[in-house]
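Numbering (this note's numbering), first residue to last: 550 to 668.
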């Protein structure tokens, strides 16, 4: 019976590299087993998309794809199917008003969101 082993893998974090931020700080690049499995599935489906992702806060997280179209942005995504393009400060690119719960999640994730931009 392998389900417990798979569950353990999905929840495990792996350090896959590191980089120096614009501020000169050393930052680790980590992925979870779930992200690895998702990436393998994407490659198997012919998509092969690699991206960086923040942790979750209140059901929301940030994602950024290298070489995505201009202007430079990340996506704030949520379990509720939220997908808002945001700038390095967490502001929506289209200037829309966002719900207080989403603003709270952005505030909690802002440091990680800025790391997506290399800041």
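C-beta: ideal position from N, C-alpha, C; glycine also.
Exercise. Could you check what DSSP says for residue 641 in three-state terms: helix, strand or coil?
Key: strand
Exercise. Measuring alpha carbon to alpha carbon, tell me which of 666, 561 and 564 ends up nearest residue 617.
Key: 666
Exercise. Confirm, please, whether the CB-CB distance from residue 655 to residue 639 is below 7 Å.
Key: yes
Self-check item: residue 661 in three-state terms, based on DSSP
Solution: helix
Quiz item: Are there 16 or more other CB atoms within 10 angstroms of the CB of residue 609, so buried, or fewer, so exposed?
Solution: buried
Quiz prompt | Whole-angstrom distance between residue 569 and residue 623, CA atom to CA atom | solution = 20 Å
Self-check item: Integer Cβ distance of residue 603 from residue 642, believed to fall under 8 Å
Solution: With 8 Å as the limit, residue 603 and residue 642 do not qualify as a contact, their Cβ atoms being about 17 Å apart.
Quiz item: Exposed or buried, which one is residue 606 when buried takes at least 16 other CB atoms within 10 Å?
Solution: buried
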